[in-house]
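Peer 1: Residues in the sequence shown are numbered from 2 upward in steps of one, following UniProt numbering.
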Amino acid sequence: TGTRVHAYRLGVLLGDGIGPEIVPSAVAVVDAALERAGVEPVEWVELPLGADAIDSHGAHTPESTLDALAGLDAWLLGPHDSVAYPEPHRSQLNPSGTIRKHFGLFANIRPAKALPGGNAVVDNTDLIIVRENTEGFYADRNTHAGTGEFMPTPDVAIAHGIITRAATERIATTAFELARTRGKKVTIVHKANVLKLTTGLFRSVCLEIAARYPDVTVDDFHIDAMTMKLVRKADEFDVIVTENMFGDILSDLAGEIAGSLGIAPSVNSSATHAMAQAAHGSAPDIADRNLANPIAMHLSSAMLLDWLATRNDDERLRGAAKRLEQGVAATVTAGTSTRDLGGSASTTEFTEAVVAAIHAS
Ligand code: ATP
Ligand code: MG
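1) If I'm right that W76 touches M276 with Cβ under 8 Å, what's the distance once you round it to whole angstroms?
2) I'd like to confirm the pairing. Which residues does DSSP put opposite V219 in its beta bridges?
3) Quick test of your reading: F107 and E133, contact by CB under 8 Å. State the CB separation rounded to the nearest angstrom.
4) In this structure, how does DSSP classify P80 when only helix, strand and coil are distinguished?
5) Between the C-alpha atoms of K197 and D249, what's the straight-line distance to the nearest angstrom?
6) Between which residues of its own chain and G201 is the CB-CB distance below 7 Å, once the five residues before and five after are set aside?
7) State yes or no: is the C-beta of V217 within less than 9 Å of the C-beta of R181?
8) Quick one, which of L11, F238, S267 has its alpha-carbon nearest T126's?
9) Using the beta-carbon count (16 or more within 10 Å), is T273 buried or exposed?
10) Report the three-state DSSP secondary structure of N245 (helix, strand or coil).
11) Whole angstroms is fine: what's the gap from V153's alpha carbon to I130's?
12) I'd like to confirm something about P21: is its beta-carbon nearer than 8 Å to some heavy atom of ligand 1, or not?
13) In whole angstroms, give me the CA-to-CA distance for P21 and P96.
14) Sorted by chain position, which residues of the same chain lie with C-beta nearer than 7 Å to K114's C-beta, five sequence neighbours on each side aside?
15) Using the C-alpha atoms, what's the distance from L309 back to G328?
16) Give me the Cα-Cα distance between P87 and D17, rounded to the nearest whole angstrom.
17) Return yes when the Cβ of E47 is within less than 9 Å of the Cβ of G94, no when it is not.
18) Mind checking which residues open and close the beta strand (DSSP E) that includes S270?
19) Cβ-heavy atom distance between D286 and ligand 1 below 8 Å?
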């Protein structure tokens with residue numbers, strides 16, 4: 002009875018704008034990292050999405066793409082320029098929202114990690130925000146009928162927020178599992194002194210889950226105190242778990258503290274599926290000019306390998322993710338970067354430099 006050999010199958014969704022430049026760049030560095038780590042190659046499955054899919058399939062996110070994704074382990078999603086789609090496509094839920102909803106990707110995982118020489122506000126920042134993606138004041142109107150915003154009169158607007166035990170348990174579990182692979186500390190962010198019932202429930206359910214992880218240190222802060230702490234002491238945090246709106250705000254703050262939103266990665270996941278996605282948009286102003294910085298897509302792909310490592314109990318993938326991250330950091334430290342970071346490398350030159358750095362590591 003030999004060990005099961007995984008041949009991972011990963012989706013490739015190029016998307017719009019700079020997507021067809023940065024997504025293949027990420028594929029190249031993942032291939033290099035897997036080879037260097039001694040892992041068999043993954044199978045890449047390219048699927049239509051975005052403006053091209055509207056032309057070829059009549060939908061920005063064709064049913065055939067969703068069906069194919071269901072059979073894959075995980076995928077890389079390029080950015081989409083959905084404001085440029087012709088109607089009725091522009092008014093529909095956009096491609097990433099469509100995929101998140103279809104697969105119930107409830108966890109938005111947003112790391113903030115300072116790159117050496119990367120203009121961080123707090124050096125050595127290395128934290129991950131685990132943001133609940135379906136509830137709070139941004140509750141999906143289709144999931145929780147009757148929540149969201151409404152106006153009883155033209156001069157009064159009301160927003161409901163929703164927190165449930167089930168959604169809080171699953172996001173807290175995600176955070177504590179992640180903490181076990183890292184610095185073993187989780188910070189719960191809430192506002193339980195004012196929003197006593199909603200964020201109070203969030204806090205108490207997170208603490209219940211914490212009791213199952215005696216090896217992980219836990220603390221908690223009100224959202225306002227948390228912003229004050231982060232701006233000077235971001236390096237003291239490891240995993241931060243919070244509800245939807247607080248997570249939205251904190252992840253922009255943390256991204257900028259770590260250097261720049263422009264290199265910020267993310268993964269959206271459920272227990273069974275994960276999607277790597279750069280935090281930035283499709284940058285149509287620089288598309289097709291070989292100028293785009295692929296770092297956010299690279300680091301999102303490294304996160305995806307980490308997620309796959311945990312999901313499949315395959316530490317080799319964690320090694321590959323480390324090599325990918327180190328290859329990116331070593332390349333920037335050695336003075337090679339794209340124009341947005343003050344360098345002069347093209348997307349393809351930067352990609353080749355990262356591949357070379359991975360092979361030389
Ligand atoms: P969206 O609504 O899709 O998030 P946005 O309006 O926030 O889009 P982006 O597409 O993120 O805009 O672009 C904002 C600016 O940052 C643009 O000038 C763009 O060229 C630049 N930019 C974004 N991503 C990159 C990248 N990977 N490399 C270089 N420049 C980028
Ligand atoms: Mg944007």
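Each residue gets a CB set at the ideal place from its N, CA and C atoms; glycine is no exception.
Peer 2: So, to answer that:
1) Within the sequence shown, the letter at position 75 stands for residue 76. Within the sequence shown, the letter at position 275 stands for residue 276. The C-beta distance from W76 to M276 rounds to 6 Å, short enough to meet the 8 Å contact threshold.
2) Against the sequence shown, residue 219 aligns to sequence position 218. Beta-bridge pairing links V219 to V187.
3) Start at 1 with the first residue of the sequence shown, and residue 107 comes out as number 106. Start at 1 with the first residue of the sequence shown, and residue 133 comes out as number 132. Contact holds; Cβ gap of about 7 Å.
4) Residue numbering aside, residue 80 sits at position 79 when the sequence shown is read from its first letter. P80 carries a coil assignment under DSSP once its states are collapsed to helix, strand and coil.
5) Along the sequence shown, one-based indexing puts residue 197 at 196. Along the sequence shown, one-based indexing puts residue 249 at 248. Taking the straight line joining both Cα atoms gives about 20 Å.
6) On the sequence shown, position 200 is the one that residue 201 refers to. A193.
7) To locate residue 217, count along the sequence shown from 1; it is residue 216. To locate residue 181, count along the sequence shown from 1; it is residue 180. Yes, the pair counts as a contact, with Cβ atoms nearer than the cut-off.
8) Within the sequence shown, the letter at position 125 stands for residue 126. Nearest option by C-alpha distance: F238.
9) The residue given as residue 273 occupies position 272 in the sequence shown. Label assigned to T273: exposed.
10) As a first step, residue 245 is located in the sequence shown; it is residue number 244 there, counting from the start. The answer is helix: DSSP assigns N245 an H, G or I state.
11) Position 152 of the sequence shown holds residue 153. Position 129 of the sequence shown holds residue 130. It should be pointed out that residue 153 corresponds to Pro in this sequence rather than to Val. Answer to the nearest angstrom: the Cα atoms are 35 Å apart.
12) Counted from its first residue, the sequence shown places residue 21 at position 20. Not under cutoff, so the answer is no.
13) For the purposes of this step, residue 21 is taken as residue 20 along the sequence shown, with counting starting at 1. For the purposes of this step, residue 96 is taken as residue 95 along the sequence shown, with counting starting at 1. Rounded to whole angstroms, the gap between the alpha carbons of P21 and P96 is 15 Å.
14) Sequence index remark: in the sequence shown, residue 114 carries index 113 (1-based). Within the same chain, and ignoring the five residues on either side of K114 in sequence, the residues whose Cβ sits closer than 7 Å to its Cβ are T126, D127, A259.
15) Counting from 1 along the sequence shown, the entry for residue 328 is found at position 327. Counting from 1 along the sequence shown, the entry for residue 309 is found at position 308. So the two alpha carbons sit approximately 20 Å from each other.
16) The residue given as residue 87 occupies position 86 in the sequence shown. The residue given as residue 17 occupies position 16 in the sequence shown. Taking the straight line from one Cα to the other gives about 14 Å.
17) Position 93 of the sequence shown, counting from 1, holds the residue named residue 94. Position 46 of the sequence shown, counting from 1, holds the residue named residue 47. Contrary to the premise, residue 94 reads as Leu rather than Gly in this sequence. For L94 and E47, no; Cβs fall outside 9 Å.
18) Walking along the sequence shown from the start, residue 270 turns up at place 269. Its beta strand (DSSP E) spans residues 268 to 270.
19) In the sequence shown, the residue the question calls residue 286 occupies position 285. Result yes, Cβ under 8 Å from ligand 1.
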